[in-house]
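Enquirer:
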Amino acid sequence: MSSHASLSAATDDRKARLAKLKSLKRKEPEPSHDEDDQSAPDRQDSTSPHAPTQEVSHLHLSGRNYDPAVRGPKLGFEHAPTTNQETLEEKAAELEEEVRRKAAEEEQEGDKGIDLFKLQPKKPNWDLKRELAKKMEILNVRTDNAIARLRILGRKAESTESTLSCILSGWALLIKAFNGFQMSYKK
């Protein structure tokens, strides 16, 4: 029978722990651990079965969704979780407002007219002109040299009678320089 006594003691301990947990969940005062546990409910029923000892509004009701002040379910958070933080939506709203403000300013400036000097695009052959300018440097040097020779030959021709032959030879040098440039351009 000792095993039966130890089992009943274990069940009594378990019942006491469960009652304590239940009272913690409901936030009720702990029941007394008297041996008259069975007689206590009889005493409450005999005094006033219909009149509670405390008002119902002052009782603490447990429940996650119950709001005792409203006497109904809680409708949401008391404080928003993002009150002190900057959210992505707020940043997006700020950016949208900034873009709209800039668009309005540009629209007001657009009413004045379009400034054509700011809108001039590059001509379609600007890159070809850049490449041609590099090759023209060589030709310009040769052209300048040919013109200098023609002047020198022209001065000599004034002193001599072979003016025509000197001019023709100068022009021949100029044509030769130009043909040399054309050959280098084709490569």
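Numbering-wise (the UniProt record's numbering), the sequence shown opens with residue 1 and increments by one. Virtual Cβ for every residue (Gly too), placed ideally from N, Cα, C. The structure presented is a predicted model; accordingly, all values stated were derived computationally and were not measured.
1) Using a 10 Å radius around the Cβ and a threshold of 16 neighbouring Cβ atoms, would you call L153 buried or exposed?
2) Flag this pair as yes or no: are the beta carbons of T143 and A177 separated by less than 8 Å?
3) Taking DSSP as the reference, what is the three-state secondary structure of G154?
4) How many angstroms separate the CA atom of E131 from the CA atom of G180?
5) When you compare only the Cα positions, how much space is there between D13 and S2?
6) Which residues share a DSSP beta bridge with D67?
7) Whole angstroms are fine: how far does the CA of E78 sit from the CA of L24?
8) Would you say R149 and G170 are within 8 Å of each other, going by their C-beta atoms?
9) Taking 8 Å as the limit between beta carbons, can you name the residues of its chain near L174, skipping five residues before and five after?
10) Have a look at L95 and N84 and give me their C-alpha separation to the nearest angstrom.
Expert: Based on what the coordinates show:
1) buried
2) Going by C-beta atoms, T143 is nearer than 8 Å to A177.
3) Here G154 sits in helix by DSSP.
4) 17 Å
5) 17 Å
6) G72
7) Going by the C-alpha atoms only, they are around 25 Å apart.
8) Between R149 and G170, the C-beta spacing is below 8 Å.
9) Excluding residues within five positions, the ones whose Cβ falls inside 8 Å are T143, A146, I147 and L150.
10) 20 Å
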